[in-house]
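Residue numbers (the working numbering), protein chains in the order written: chain A, 1 to 184; chain B, 1001 to 1487.
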Amino acid sequence: MTSPDDLSRRGMLMKLGLLFNGAIGAVLAVPILRYLLSPVIRQRNAGYQSWLALGQLDQFPAGQTRLTTYRHPSANPSDGETANIPCWVRNVDDKTFQVFAINCAHLGCPVRWFPQSGLFMCPCHGGAYYEDGSRASGPPERGLFEYHYKIEHGKLLIQPGEMPTAGAPTARLINISLGRPPCA
Amino acid sequence: MRLIKNVGVWFDQRLQLSTPIRETMEHPVPRRTASWAYVFGSAALTVFGLQVVTGILLALLYVPSAGEAWNSLQILNHQVTLGWFIRALHGWGSNFMIAIVLIHMVQVFLFGAYKFPRELTWIVGVLLLLMTLGMAFTGQVLRFDQDAYWGLGIGASISSRVPVLGPRIVSLLLGGPIIGGATLSRFFALHVFVIPGSLIAFVGLHLLLVLKLGINEWPMPGRIVRRATYVSEYHELTRTDGIPFVPGAVAKDLFFSGFILLSIAVCAVYFGPFGPSGQPDPTIIQTAPRPDYFFLWLYAVLSLLPPSLETPALLIGPVIALAVLLALPFVSGEGEKSWTRRPIAVLTILLLAVALGTFTHLADYAPWSPVMDAWSGEPIPAQYLKGRTALERHGALVFQAKQCHNCHALGGAGGDRGPELDRIAVELTPDQLIRQVIQGGGNMPAYGKNLSPAETTALVAFLETLHPAGQAPAREASSAARFGVRP
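1. Please state whether DSSP places Y1062 (chain B) in a helix, a strand or coil.
2. Measure from the C-beta of S1369 (chain B) to each C-beta in chain A and report whether the shortest distance is under 8 Å.
3. Is T1498 (chain B) close to chain A, meaning its C-beta is less than 8 Å from at least one C-beta of that chain?
4. Who are the Cβ neighbours of T1019 (chain B) in its own chain at under 6 Å, not counting the five residues just before and after it?
5. Looking only at its own chain, which residues have a Cβ that is under 6 Å from the Cβ of L1076 (chain B), when we skip the five neighbours before and after it?
6. Does DSSP classify Q98 (chain A) as helix, strand or coil?
7. Going by DSSP, what residues sit across from A128 (chain A) in a beta bridge?
8. Can you pull the chain B neighbours of G108 (chain A), defined as C-beta to C-beta under 8 Å?
9. Please list, in chain order, all residues of the same chain as M1097 (chain B) whose beta carbon is under 7 Å from its beta carbon, the five residues on each side excluded.
10. Compare the Cα-Cα distances from M1033 (chain B) to each of B:L1326, B:A1251 and B:L1102 and report the closest residue.
11. Measuring CA to CA, which of A:P73, A:A128 and A:C87 is closest to S1369 (chain B)?
12. Pull up the distance between the alpha-carbon of L16 (chain A) and that of A23 (chain A), whole angstroms please.
13. Should L156 (chain A) be flagged as near chain B, meaning a C-beta pair shorter than 8 Å?
14. Taking C-alpha atoms, which residue in B:R1239, B:V1354, B:F1245 and B:P1329 lies nearest to T1024 (chain B)?
15. Give the single residue among B:G1414, B:A1300, B:V1053 and B:L1261 whose Cα lies nearest to the Cα of L1356 (chain B).
16. Within a Cβ cutoff of 8 Å, which residues of the same chain sit near E1460 (chain B), ignoring the five residues on either side of it in sequence?
17. Taking Cβ-Cβ distances shorter than 7 Å, what residues in chain B pair up with E141 (chain A)?
18. Is the Cβ of A166 (chain A) closer than 8 Å to any Cβ of chain B?
19. Note down, in chain order, every chain A residue with its Cβ under 9 Å from the Cβ of P1280 (chain B).
20. Could you tell me whether any Cβ in chain E is nearer than 8 Å to the Cβ of P1177 (chain B)?
21. For Q185 (chain A), return the contacting residues in chain B, with the cut-off set at a CB-CB distance below 7 Å.
22. Mind pulling the chain B residues with CB within less than 9 Å of E162 (chain A)?
23. What's the gap between the Cα of E1336 (chain B) and the Cα of V1210 (chain B)?
24. Using a Cβ-Cβ distance under 8 Å, would I1066 (chain B) count as near chain A?
25. Output the boundary residues of the alpha helix (DSSP H) element that contains R1186 (chain B).
26. What's the C-alpha gap between M1105 (chain B) and A166 (chain A)?
27. Which residue marks the beginning of the alpha helix (DSSP H) containing K150 (chain A), and which one marks its end?
28. Where L1120 (chain B) and F1330 (chain B) are concerned, what is the direct C-alpha to C-alpha distance, given to the nearest angstrom?
29. Can you pull the chain A neighbours of N1443 (chain B), defined as C-beta to C-beta under 8 Å?
30. Give me the Cα-Cα distance between Q49 (chain A) and F60 (chain A), rounded to the nearest whole angstrom.
31. Taking only the alpha-carbon atoms, compute the straight-line gap between W1339 (chain B) and G1333 (chain B) and give it to the nearest angstrom.
32. Could you check which residue in B:G1470, B:L1003, B:G1008 and B:E1026 has the C-alpha nearest to that of T1238 (chain B)?
33. Hey, how far is the Cα of A1401 (chain B) from the Cα of L1128 (chain B)?
34. Exposed or buried, K1115 (chain B), counting other C-beta atoms within 10 Å across all chains shown (16 or more means buried)?
35. When you compare each of B:L1302, B:P1453, B:T1311 and B:L1391 to L1362 (chain B) by their alpha carbons, which one comes out closest?
36. Would Q1489 (chain B) be called buried (16 or more neighbouring beta carbons within 10 Å of its own) or exposed?
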């Protein structure tokens, strides 16, 4: 039989032991969580938001929309081909450009440009966009995602940023048309 | 013989497991549960075992790196002795596992096995279903091809719609700003360590609960479950009309499990491994990503929902479905077990089966997607061109060149996104046709900017010829009356 004294001392020691382990656990949890959440809490203005050249301007003739690709600045060797990102460059009038993300604004499938009908079409769920990236028909609720761009020394530069999804900070909203045609 | 017995005794003196194992094996189960209806749980366990073994075998050679994974799958398929067979076993095993888990769930639901006192067994089972689907999705990602790459993009796009937290969830999912090496590595960790570890723990819990609470008796119409009396009634049943689990009930389980393993092996040999399809190179945009068959229904739902309902349905739908599944044993924990007295339960299953089947079937030919090469690959049927004027033929040319064929079928070929046009002249007047082409609407883009007046005139002249022989094209009634022309 154990005396009440004995019991309380043992109980006290066990509680202290639990507390000790709990405290160590809490201390360890901080670096573990920071490691796990590193893709979220890293600095937003990381290197991949700096300007990156897509190519010389003469690669993109006026009035045309062309596919081009760039190597994402965040790429490391284990990324392989997945870091080669395509995008559509539209040269409006040699002064104004539009650089569209390849990802459909609906669920991210790769949109294709059809110059004959002047439409971007998505193979997944049938989204379609006009040549200026605004929504034409189908499930997308908005126009194509557009990169910020600038022209320097005869080159077209963009800010690659993150893969555009509806909520991503780098996905700039372009003129949304809710099913209304731009003219007609 | 004596030596084997002595070795057995030596181990048992130390482990002391022979008595509990024998008691477990010989525990009485209701006689009627020795039925072909009760074999799906054990079959799911068997297939899970196959997945663990074949998964470990694949991990010997698979390289979980975005730059190497696709090549290592090619090597498994073509260079390693019987690598294709192990991949095929694992792929077909996953398909069978999902099917068997779903059948098991339907059987448990229809037999009322989730009712008191087996509520927790059902809840653990629902969690096991979620983990199985998680294994299916992460496994599809590890087959790192075009479908996997764009499937990840779809997963990220869905996650990004979560209010406030969306972009952070996407970053956590992808492990970086784009789909790449970090993404594949974390899906590898999920598929190989996190989810299987939880699966093993929860399968153990599931089995423990089945042993502690006994196998659900065969439901008899009129035999009502009541919390106060059920446990004693069940023990009375197993005492008076029970048989030992081994060998009484296990024989059918063994045969069915063996049959399923054989079926998986036959499918693996006959159909071979799944993919991989094209390289996971996002610059190859000539692709039409499709999910594996168990997510095809979701692909259809995402295409058919009105845009405004999509985000709420995607974010709230799964929460409601999960809540309903988890609440089920608490809402109807007592009462009738027999499906013959539970018409709503039977109708629910039928409705779900028909809905899932229909969506899966629709997703198989995806009528909502434009046929991207119909404009260059599908000619206009010859009978629509014979004896036509130059203007009408020029219209047919416009029809092809402007990719109308990608969304509109003619003579059964072409896209199904818009209506078939074989009798469009009967349905729309020339004015309505011009308006529809130029302004679009009703899910059709406006072509006003991309068609010259001459092209529009030619196109509408061609469309005006598309009517069944002997049926006149539509004419506007008001103008016909005004000009005194007979319609």
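Ideal Cβ positions, reconstructed from N, Cα and C, are used throughout, including at glycine.
So, from the data block:
1. coil
2. yes
3. Here chain B has residues from 1001 to 1487 only, and residue 1498 (chain B) is not among them.
4. none
5. L1061, G1083 and R1087
6. strand
7. A:M121 and A:S137
8. W1150, G1153, I1154, A1156 and S1157
9. A1044, V1047, F1048, Q1051 and T1132
10. It should be pointed out that residue 1033 (chain B) corresponds to Thr in this sequence rather than to Met. The shortest C-alpha separation from T1033 (chain B) is found at B:A1251.
11. A:A128
12. 10 Å
13. no
14. B:F1245
15. B:A1300
16. Glu is not the amino acid found at residue 1460 (chain B); the sequence shown has Val there. Contacts found: G1395, P1430, L1433, I1434 and V1437.
17. P1307
18. yes
19. G80, E81 and T82
20. Checking the listed chains, one finds no chain E in this structure; the protein chains it contains are A and B.
21. Residue coverage of chain A in this structure runs from 1 to 184, which leaves residue 185 (chain A) outside it and unanswerable.
22. P1167, V1170, S1171, L1174, G1176, P1177 and I1178
23. 20 Å
24. The displayed chain sequence assigns Ala, not Ile, to residue 1066 (chain B). Chain A contact via Cβ: present.
25. G1181 to A1189
26. 36 Å
27. Not the alpha helix (DSSP H): K150 (chain A) falls in the beta strand (DSSP E), residues Y149 to E152.
28. 10 Å
29. S137 and G138
30. 23 Å
31. 15 Å
32. B:E1026
33. 52 Å
34. buried
35. B:L1302
36. Chain B is shown from 1001 up to 1487; residue 1489 (chain B) falls before or after that span and cannot be answered.
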